[in-house]
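Written out below as structure tokens is the structure these notes cover.
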Amino acid sequence: MSKRINIIDKQVLSDNWYTLRKITFDYTKKDGSVQRQEREAYDRGNGSTILLYNKDKGTIVLTRQFRMPTYLNGNEDGFLIEACAGLLEEDNAEDCIRKETEEETGYRIANVRKVFESYMSPGSVTEILYFFVAEYEDNMKVNEGGGSDEEEDLEVLELEFERAIQMVSSGEIKDAKTIMLIQYAQLNKLL
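Next up, the structure:
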């Protein structure tokens, strides 16, 4: 841990869906002076996300689902088009994304490749997201997908990759992790 940070107090503000804490700390600035600060940090755990792609067909698999925070912030119907993702819980990142891929998209994938990891909203959320890509084929489809529990209501989308790029440009795809994976695929010429 940094010698510039001295945590004074941690207070749980909410432990409902995930955990919201208020942290009081002393921060030593580069000039040596110490400043007392308070920040709230939302801990929802770490997660994994994946872009499934098919070179032969020139397609990718995404999902569409309702996201309340986006609805509250101007997304008219609250639905987002996203890359498959899930919280690690007790799994490592690779095991998590294999399980989530099958639950959400219906594809049982064999080979996944980690491409990078990122803090997604470091000013307020502790989460690190692990990014993967994997090729899929039609014969890997083992179920309809759509989620594993009654709270998930996912629509599985198979899109032409060029169409997905246009959807990022037009704002039809606004999810950061999905945009990052589509741009990764484009920069690295996966399709």
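Residue numbers for the sequence shown follow the working numbering, beginning at 259 and rising by one. By construction, the Cβ of each residue, glycine as well, lies at the ideal position given by its N, Cα and C atoms. Please read all numbers here as calculations on a predicted model, not as lab measurements.
(1) Which word fits M326, buried or exposed, when buried means at least 16 other C-beta atoms lie within 10 angstroms of its C-beta?
(2) Since K399 contacts G364 with CB under 8 Å, what's their CB separation in whole angstroms?
(3) Shortest alpha-carbon distance to E324 belongs to which of G336, L330, I308, D301?
(4) For K315, tell me which candidate among E393, I339, R371, L338 has the shortest Cα-Cα distance.
(5) Within 10 angstroms of the Cβ of E368, are there 16 or more other Cβ atoms? Answer buried if so, exposed if not.
(6) Report all residues from its chain with a CB closer than 6 Å to the CB of E402; omit the five preceding and five following residues, and keep chain order.
(7) Evaluate I355 with the Cβ neighbour count: other Cβ atoms within 10 Å of its Cβ, from every protein chain shown; 16 or more gives buried, anything less gives exposed.
(8) Use the C-beta contact count for G305: other C-beta atoms within 10 angstroms, 16 or more gives buried, fewer gives exposed.
(9) With distance defined between alpha-carbon atoms, name the residue in L449, K435, E410 nearest to S379.
(10) Report all residues from its chain with a CB closer than 8 Å to the CB of K372; omit the five preceding and five following residues, and keep chain order.
(11) Please classify Y311 as buried or exposed, where buried requires at least 16 other C-beta atoms within 10 Å of its C-beta.
(12) Measure the alpha-carbon distance for T321 versus G405 and round it to whole angstroms.
(13) List, from N- to C-terminal side, the beta strand (DSSP E) runs of 3 residues or more that fit wholly inside the stretch 294-326.
(14) Per DSSP, what are the beta-bridge partners of D284 in this structure?
(15) Could you work out which residue in E418, E362, Q295 is closest to E410 when comparing CA atoms only?
(16) Is T282 near Y300, with beta carbons less than 9 Å apart?
(17) Taking the CB atoms as reference points, tell me whether D284 and R297 lie closer together than 9 Å.
(18) Alpha carbon to alpha carbon, what distance is there between R279 and L417?
Taking the geometry as given:
(1) exposed
(2) 5 Å
(3) Correcting the residue identity first, residue 324 is Phe in this sequence and not Glu. Ranking the options by Cα distance to F324, first place goes to G336.
(4) For the residues E393, I339, R371, L338, the minimum Cα distance to K315 belongs to E393.
(5) Position check: residue 368 holds Ala in this sequence, whereas Glu was assumed. By the 10 Å Cβ count, A368 comes out exposed.
(6) G364
(7) buried
(8) Per the 10 Å Cβ criterion, buried.
(9) That would be K435, whose Cα lies nearest to the Cα of S379.
(10) A351, E352, Y388, F389, F390
(11) buried
(12) 10 Å
(13) The DSSP assignment places 305-312, 317-324 as complete runs of the beta strand (DSSP E) inside the stretch 294-326, in order along the chain (cut-off: 3 residues).
(14) Beta-bridge pairing links D284 to N264, R294.
(15) E362
(16) no
(17) no
(18) 40 Å
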